[in-house]
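Visitor:
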Amino acid sequence: MTYFADVGALARKDLLLELRARDTLPAMLLFVVSTLVVFHFVLPAGSSDLAATGLLWVALLFTALLGLSRSFAAEREQGVIDGLVLAPSDRSAIWLGKALSILAFLALAELIALPAYGLFFKPVGAALVAGVVLADVGIAAVGTLLAAMATASRARELLLPLLFLPLAIPIVIGGVGASVAGDPGRYLGLLGLYDALFAIICWASFEYVVTE
Amino acid sequence: MAAAIALIFFYAPLDQDGLNQKIFYFHVPIALTAYASFGWGGWKALRHLWKRDENADLESYVAIHLGVIFGLLTLVTGSIWAKYRWGHWWVWSEDQLVLFLVLFLFYCAYFMLRYSLPPGPQRANMSAVYALFGVVLIPVSILAIRLSERFIHPVAFDRGGPNMAGSQFLTFCVCVVAWFAVAATLYQLELAGKRLDIRLRELREALQE
Amino acid sequence: MIHARGVEKRYGDKRILRGVDLDVGTDDFVLVTGPNGSGKTTLLRLCAGLAAPTRGELIVAVERGRLGYLAHEPLVYRELTALENLDLYGRLYRVPERRERSGMLLERFGLWDARHARAASFSRGMLQRLALCRTLLHEPSLLLLDEPYSGLDDEGVNLLDRELAERAARATFVVATHEPERLEPLASARLALA
């Protein structure tokens, strides 16, 4: 299907750009590890493991924001978004391609972050990893659309966190819940529901975000 | 408007219980009104995107503006209620309050979005999409917050809401209707005011030609 | 192909276009002239579908895949090579034999030797030529060109002259320029914006 060919071409383009520029992903990796180190000093002695888990999610969230704020940088700085919007391909393919590349960046960042967390604090369980995977999907979906919105405005660096954080609250609840609760299933279910609902609404409404 | 205010003063004497209960008659109807405003804003947003309804953008904006005001009132009345009931100005165990905090933040960001874009079809489109996200966020947040209870706080507070006898229930319904009427009136007022502003601006520009 | 009546475009409080009427038929070659800030770029953006008119009627009876738009910016990714950029657009526009066509266009615009170089290393003139390749890649039937000669050196100007002369008969053109004399011989109509 040409739709998925378009998505593939766009995602490939984003990964290629990052491979050439090598700015976003290294920044994300450094940021998340630095944050984890800071957290070691932030937690008073005798803090529970649970607090550390919560902080991990904070770290992941802000690392994601870092990546998302750069996600439309190339399109914005060079005005290329017009070129993509003019193409006969479905505009939602732009969103999906970009979201997939963000997902890849998040996954790579977590490939470093989770072992680091395991090293600094406590080992990571399967439920946490599952939570992270599901959360990533939600973050990538919603974050990409919001990043596109923020790009259009003057106050883009300020706007993206403001738009994103309220929407990230259910993700955080789901993720932390899956990491610490006795029955992670419910929380993974919440994440799955969030992902499904918001992916659909992002897919359907992206067209309106980039056109007049 | 006069009818709404009359209604509000009419039902007040019917209350028999303490201040605690009285606040409840404000708090929940105001909350419901806020939900309704956000829902209406979302509906108008959908009409803007789907049917290219010209007026819908402004209507959506006004509805959400009202929703935020009522949301703030919900938080304030809720806080007062919490103070009387549990002795704290804020309690995380009260789902409604937490939900409104999240929604309040979300819709404040709506205004940040709106003010950072120049007026035009792009701003209208983005506002509408964001408003629709809000509508989806509400049920998801309700579920999420309810789930978050289980690992954040051991539930130590007695959370039963007030049970309502017949006369109280009637009072409650009257309150809901009254607050909806207030909201609807404010909505029409603000909408008319904004439309007047736009008309004035258009006339001024036509004169400059 | 294009029908515009009373088109108005406003950004915030500034009114850029006012009461524009335009009719472009198949194989027309329309020159849009006017001083800086008169709205030439805005008009082309409206015709391309990148913006919607604030008021008035605008119908462009061409599907997106048959429309070519040359903007002020080259609309290419700086970190991708010329060939990679054209490959991306070729995929998005479903260009048949895109590799061959990309190569052919790069050659026609004198960029063949630079095909594996990143666009970031291109001069202004080379970027403009690459942008022209991008615009022509999918053989559009309606071409909206915004100052196509800007940034081109003498050789680039000649190459563009040749392309336009060849295509003028078999495609519709709307060209915004502040040097209309150059394209006068090809033009079938003019629109002057205040």
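Chains as they are written, first to last, in this note's numbering: chain R, 1 to 212; chain E, 1001 to 1209; chain U, 2001 to 2194.
Glycine residues also receive a C-beta, built at the ideal position from the N, C-alpha and C atoms.
As the structure is a computational prediction, the values presented were derived from the model and not from experiment.
(1) Which chain E residues are close to Ala2052(U), counting only those with a beta carbon under 8 Å from its beta carbon?
(2) Starting from Phe2109(U) and walking both ways along the alpha helix (DSSP H), at which residues does that stretch end?
(3) Which residues, taken in chain order from the region 1090-1118 of chain E, show a beta carbon closer than 8 Å to some beta carbon of chain U?
(4) Secondary structure at Val2020(U), three-state DSSP: helix, strand or coil?
(5) What's the C-alpha gap between Leu10(R) and Leu2088(U)?
(6) Mind checking which residues open and close the beta strand (DSSP E) that includes Gly2006(U)?
(7) Please report the Cβ distance between Lys1044(E) and Glu1059(E), rounded to the nearest whole angstrom; I am assuming they are in contact, meaning their Cβ atoms lie under 8 Å.
(8) From Ser1037(E) to Ile1080(E), what distance separates their C-alpha atoms?
(9) How many Å lie between Leu1046(E) and Asp195(R) at the Cα?
(10) Taking Cβ to Cβ, would you say Lys2009(U) is nearer than 8 Å to Thr2041(U)?
(11) Check the Cβ-Cβ distances between Lys13(R) and every residue of chain U, and say whether any is below 8 Å.
(12) Please confirm whether Tyr2069(U) has its beta-carbon closer than 8 Å to some beta-carbon of chain E.
(13) If Thr2172(U) and Leu2143(U) are in contact, beta carbons under 8 Å, what's the gap, nearest whole angstrom?
(14) Output the residue ranges of the beta strand (DSSP E) runs that lie fully inside the region 125-209 of chain R and measure 3 residues or longer, sorted by chain position.
(15) Consider the Cβ of Arg20(R): report whether some Cβ of chain U lies at a distance smaller than 8 Å.
(16) Just list the alpha helix (DSSP H) runs in the region 2087-2140 of chain U, keeping only unbroken ones of 4 residues or longer that don't cross its boundaries, in chain order.
(17) Throw me the rounded Cβ distance for the Trp57(R) and Trp203(R) pair, which I believe falls under 8 Å.
(18) For chain R, check one thing: does any of its Cβ atoms lie closer than 8 Å to the Cβ of Asn1055(E)?
(19) Hey, does Asp6(R) have any beta-carbon neighbour from chain U nearer than 8 Å?
(20) Bridge partners for Leu2144(U) per DSSP, in chain order?
(21) How about the region 174-184 of chain R and the region 54-71 of chain R: do they share at least three Cβ pairs that are nearer than 8 Å?
(22) Please return the same chain residues whose Cβ sits closer than 7 Å to the Cβ of Arg1159(E), not counting the five positions on each side in sequence.
(23) Should Gly2019(U) be flagged as near chain R, meaning a C-beta pair shorter than 8 Å?
(24) Would you call Asp49(R) buried or exposed, if buried means 16 or more other Cβ atoms sit within 10 Å of its Cβ?
(25) When the cut-off is 8 Å and only beta carbons count, does Gly2012(U) lie next to chain E?
(26) By DSSP, does Thr2026(U) sit in helix, in strand, or in coil?
(27) Whole angstroms are fine: how far does the CA of Ser1148(E) sit from the CA of Gly1087(E)?
(28) Just to check, is the beta-carbon of Ala21(R) closer than 7 Å to a non-hydrogen atom of the ligand PLP?
(29) Taking just the CA atoms, how far does Tyr117(R) sit from Val38(R)?
(30) I want to verify the contact list: residues of chain R whose CB lies under 8 Å from the CB of Ser1079(E), in sequence order.
Guide: The structure says:
(1) Position 52 of the third sequence, counted from the first residue, corresponds to residue 2052(U). Under the 8 Å cutoff, chain E gives Pro1121.
(2) Locating residue 2109(U) in the third sequence gives position 109, where the first residue counts as 1. Run containing Phe2109(U): none; DSSP gives neither H nor E here.
(3) Pro1118
(4) Residue numbering aside, residue 2020(U) sits at position 20 when the third sequence is read from its first letter. Note: Val2020(U) maps to strand in three-state DSSP.
(5) One-based indexing of the first sequence puts residue 10(R) at position 10. One-based indexing of the third sequence puts residue 2088(U) at position 88. Taking the straight line from one Cα to the other gives about 8 Å.
(6) Mapped onto the third sequence, residue 2006(U) falls at position 6. Element bounds for Gly2006(U): Ile2002 to Tyr2011.
(7) Position 44 of the second sequence, counting from 1, holds the residue named residue 1044(E). Position 59 of the second sequence, counting from 1, holds the residue named residue 1059(E). Between Glu1059(E) and Lys1044(E) the Cβ distance is about 4 Å, and since that is below 8 Å, they are a contact.
(8) Working through the second sequence from its first residue, we reach residue 1037(E) at position 37. Working through the second sequence from its first residue, we reach residue 1080(E) at position 80. Their Cα atoms are separated by approximately 23 Å.
(9) Counted from its first residue, the second sequence places residue 1046(E) at position 46. Counted from its first residue, the first sequence places residue 195(R) at position 195. One C-alpha to the other measures close to 21 Å.
(10) What you label residue 2009(U) is simply residue 9 of the third sequence in a count that begins at 1. What you label residue 2041(U) is simply residue 41 of the third sequence in a count that begins at 1. No, the Cβ-Cβ distance between Lys2009(U) and Thr2041(U) is not below 8 Å.
(11) As a working note, residue 13(R) is residue 13 in the first sequence. Chain U, which has a Cβ nearer than 8 Å to the Cβ of Lys13(R), makes this yes.
(12) One-based indexing of the third sequence puts residue 2069(U) at position 69. Not one chain E Cβ lies under 8 Å of Tyr2069(U).
(13) Here residue 2172(U) is taken as the residue at index 172 of the third sequence, counted from 1. Here residue 2143(U) is taken as the residue at index 143 of the third sequence, counted from 1. Going by Cβ atoms, the distance from Thr2172(U) to Leu2143(U) rounds to 7 Å, so yes, they are a contact pair.
(14) none
(15) If you number the first sequence from 1, residue 20(R) lands on position 20. Closer than 8 Å to some Cβ of chain U, the Cβ of Arg20(R) qualifies, so yes.
(16) 2098-2108 and 2124-2136
(17) Here residue 57(R) corresponds to residue number 57 of the first sequence, with the count starting at 1. Here residue 203(R) corresponds to residue number 203 of the first sequence, with the count starting at 1. With a Cβ gap of about 26 Å, Trp57(R) and Trp203(R) do not count as contacting.
(18) By one-based count along the second sequence, residue 1055(E) stands at place 55. Answer no: the Cβ-Cβ gap between Asn1055(E) and chain R never drops below 8 Å.
(19) Taking the first residue of the first sequence as 1, we reach residue 6(R) at position 6. Chain U, which has a Cβ nearer than 8 Å to the Cβ of Asp6(R), makes this yes.
(20) Looking up residue 2144(U) in the third sequence gives position 144. Paired residue(s): Tyr2069(U) and Val2174(U).
(21) yes
(22) On the second sequence, position 159 is the one that residue 1159(E) refers to. Annotation note: pLDDT 44 at Arg1159(E) (below 50); position unreliable, coordinate value reported separately. Within the same chain, Arg1159(E) has close Cβ partners Ser1093.
(23) Taking the third sequence and counting its residues from 1, the one referred to as residue 2019(U) is at position 19. No, because no Cβ of chain R sits closer than 8 Å to the Cβ of Gly2019(U).
(24) What you label residue 49(R) is simply residue 49 of the first sequence in a count that begins at 1. Exposed, because fewer than 16 other Cβ atoms sit within 10 Å of the Cβ of Asp49(R).
(25) The residue given as residue 2012(U) occupies position 12 in the third sequence. By this cut-off, Gly2012(U) is an interface position.
(26) Working through the third sequence from its first residue, we reach residue 2026(U) at position 26. In this structure, Thr2026(U) counts as coil in the three-state DSSP scheme.
(27) Here residue 1087(E) is taken as the residue at index 87 of the second sequence, counted from 1. Here residue 1148(E) is taken as the residue at index 148 of the second sequence, counted from 1. Looking at the two C-alpha atoms, the distance is approximately 23 Å.
(28) Among the components of this structure there are no ligands whatsoever, and the ligand PLP is therefore not found.
(29) By one-based count along the first sequence, residue 38(R) stands at place 38. By one-based count along the first sequence, residue 117(R) stands at place 117. If I take the Cα positions, the gap works out to 12 Å.
(30) Residue mapping note: residue 1079(E) aligns to position 79 of the second sequence, counting from 1. Simply none; closest approach about 19 Å.
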